[in-house]
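*Asks:* Following this message is one structure expressed as structure tokens.
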Amino acid sequence: MSARGGAALDTTQECDCFTCSFNERSVRIQSTYNLTELNDGPLRRLHLAYVVVSSPDPRGMVETLSIAVIGAPGVGKTCIIRQFIYNDFSETYTPTQTRYVYRPSVILNGVMYDLKILDVPPISSFPTSPSQEWLDARCRGVRSANAYILVYDICCVESFEYVKMIRQQIVDSRVGSSSEVPILVVGSKRDLQRHRFTQRRAVSVLVKKTWKCGYVECSAKYNWHVLLLFKELLGIAVARGLRPNHTSIRLQGALHRNRCSVM
């Protein structure tokens, strides 16, 4: 895969954005989605180019939100992420072996956010301490994430039991300091609705009423509710007053009409 500027995209471990040379500056070409415009109709995607400079500018700072995506093997975590970022879906199952990082940007209610999405390989348990988090390469950045997407397969009850276990461990591990950490439970493979292990309402009531978490079902294969789930999670984070760390990024002409393409 290559960027418009001819630069190759290195996807060894961390998938950032496309980089090319422009007027002796580093130009990052990213897919930026306007989540405010999202509804049940056609989806609008804005592709924005912006310049990164080293000096911080309070007038143009972008909120950064770290999201850990966790789930049992084969539930479709990577498919959801890649559909969200690249509008791409593969029928071939490739197990996630190492932690993978994606960095898209989104716009919600006129505010731009840089997302750091962690595609986490299957882990036996949630790290209970910072030392455990950094000793296991698969868990790095998981405990300190700003929000969580817990994915299960609506056709596999075992994958839901895994989500139930991880959610409880997150709550127990982060109680006191981050007990209000946003968690969104996602039921994947909605296109296989007829094979689900239980009714949607039963899961939705448990997740929303008992767990006090958000709940969305989606189909990565048909790109159904994929953007909605990220909008839902970001909305929960903002509603709970989450103040992620600022990054030293200054936008220059990011919203110029001639730099946007509507798809």
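The working numbering runs 84 ahead of the 1-based position in the sequence shown.
We put the beta carbon where it would ideally sit given N, CA and C, even for glycine.
Bear in mind the structure is a predicted one, so any value in this text is a computation, not a measurement.
Taking all protein chains shown into account, decide if His309 is buried (16 or more other Cβ within 10 angstroms of its Cβ) or exposed.
*Replies:* Against the sequence shown, residue 309 aligns to sequence position 225. Burial call: buried.
*Asks:* What separation, rounded to the nearest whole angstrom, lies between the Cα atoms of Thr178 and Gln253?
*Replies:* Looking up residue 178 in the sequence shown gives position 94. Looking up residue 253 in the sequence shown gives position 169. Straight-line Cα distance between these residues: approximately 27 Å.
*Asks:* Between the segment 288 to 303 and the segment 263 to 277, can you find at least three pairs of beta-carbon atoms closer than 8 Å?
*Replies:* yes
*Asks:* Tell me whether the segment 315 to 326 and the segment 275 to 286 touch, counting them as touching only if at least three CB pairs, one residue from each stretch, are closer than 8 Å.
*Replies:* no
*Asks:* Quick check: the Cα distance between Asn230 and Ser150, rounded to an integer number of angstroms?
*Replies:* Numbered from its first residue, the sequence shown carries residue 230 at position 146. Numbered from its first residue, the sequence shown carries residue 150 at position 66. Roughly 5 Å separates the two Cα atoms.
*Asks:* Between the C-alpha atoms of Pro211 and Val153, what's the straight-line distance to the nearest angstrom?
*Replies:* The residue given as residue 211 occupies position 127 in the sequence shown. The residue given as residue 153 occupies position 69 in the sequence shown. Near 14 Å, if we compare the C-alpha coordinates of Val153 and Pro211.
*Asks:* Specify whether the segment 185 to 202 and the segment 213 to 221 touch according to this definition: at least 3 beta carbon pairs, one from each stretch, less than 8 Å apart.
*Replies:* no
*Asks:* Three-state secondary structure (DSSP) at Val265?
*Replies:* Within the sequence shown, residue 265 is the residue found at index 181, counting from 1. Coil at Val265, not helix or strand.
*Asks:* Buried or exposed: which applies to Asp203, given that a residue is buried once 16 or more other Cβ atoms fall within 10 Å of its Cβ?
*Replies:* Locating residue 203 in the sequence shown gives position 119, where the first residue counts as 1. Buried: at least 16 other Cβ atoms inside 10 Å.
*Asks:* Buried or exposed: Thr182, going by 16 or more other Cβ atoms within 10 Å of its Cβ?
*Replies:* Taking the sequence shown and counting its residues from 1, the one referred to as residue 182 is at position 98. By the 10 Å Cβ count, Thr182 comes out exposed.
*Asks:* Kindly list the residues whose CB is nearer than 7 Å to the CB of Gly271, restricted to its own chain and excluding five residues on each side of it in sequence; keep chain order.
*Replies:* Along the sequence shown, one-based indexing puts residue 271 at 187. Around Gly271: Tyr236, Ile238, Val287 and Glu301.
*Asks:* Residues in the same chain with beta-carbon distance under 6 Å from Asp275, minus the five sequence neighbours each way, listed in chain order, please.
*Replies:* For the purposes of this step, residue 275 is taken as the residue at position 191 of the sequence shown. Closer than 6 Å at Cβ, skipping near neighbours: Ser303, Lys305 and Tyr306.
*Asks:* In whole angstroms, give me the CA-to-CA distance for Tyr170 and Tyr186.
*Replies:* Here residue 170 refers to the residue found at position 86 of the sequence shown. Here residue 186 refers to the residue found at position 102 of the sequence shown. Between Tyr170 and Tyr186, the C-alpha separation is close to 11 Å.
*Asks:* Find the nearest neighbour of Tyr232 within the set Val241, Leu192, Val247 and Glu175, judged by alpha-carbon distance.
*Replies:* Working through the sequence shown from its first residue, we reach residue 232 at position 148. Cα-wise, what sits closest to Tyr232 is Val247.
*Asks:* Can you tell me which of the three DSSP states Gly319 falls into?
*Replies:* Position 235 of the sequence shown, counting from 1, holds the residue named residue 319. Here Gly319 sits in helix by DSSP.
*Asks:* Going by C-alpha to C-alpha distance, which of Val146, Ser213, Val190 and Leu311 sits closest to Arg258?
*Replies:* Walking along the sequence shown from the start, residue 258 turns up at place 174. Ranked by Cα distance from Arg258, the options Val146, Ser213, Val190 and Leu311 are led by Ser213.
*Asks:* Roughly how many whole angstroms lie between the Cα atoms of Pro205 and Asn193?
*Replies:* What you label residue 205 is simply residue 121 of the sequence shown in a count that begins at 1. What you label residue 193 is simply residue 109 of the sequence shown in a count that begins at 1. In a straight line, the C-alpha of Pro205 is about 32 Å away from that of Asn193.
*Asks:* Quick one, which of Ile191, Thr162, Tyr184 and Arg224 has its alpha-carbon nearest Lys315's?
*Replies:* Your numbering for residue 315 matches position 231 in the sequence shown. Among Ile191, Thr162, Tyr184 and Arg224, the Cα nearest to that of Lys315 belongs to Ile191.
*Asks:* Which same chain residues end up closer than 7 Å to Lys273 when comparing Cβ atoms and leaving out the 5 residues on each side of it in sequence?
*Replies:* Here residue 273 refers to the residue found at position 189 when the sequence shown is read from its first residue. If we look at Lys273 and ignore the five residues flanking it on each side, its Cβ neighbours are Gly160, Asp237, Ile238, Cys239 and Ser303.
*Asks:* Below 7 Å CB to CB, which residues in the same chain sit around Arg224 once its five sequence neighbours on both sides are set aside?
*Replies:* For the purposes of this step, residue 224 is taken as residue 140 along the sequence shown, with counting starting at 1. Once the five neighbours on either side are set aside, the close Cβ partners of Arg224 are Arg183, Glu217 and Trp218.
*Asks:* Provide the residue(s) that pair with Asp237 in DSSP beta bridges, ordered along the chain.
*Replies:* The residue labelled residue 237 in the question sits at position 153 within the sequence shown. Ser272.
*Asks:* Buried or exposed: where does Val226 fall if 16 or more other Cβ atoms within 10 Å of its Cβ makes it buried?
*Replies:* Taking the sequence shown and counting its residues from 1, the one referred to as residue 226 is at position 142. It counts as buried.
*Asks:* Pull up the distance between the alpha-carbon of Trp295 and that of Val255, whole angstroms please.
*Replies:* The residue labelled residue 295 in the question sits at position 211 within the sequence shown. The residue labelled residue 255 in the question sits at position 171 within the sequence shown. Near 10 Å, if we compare the C-alpha coordinates of Val255 and Trp295.
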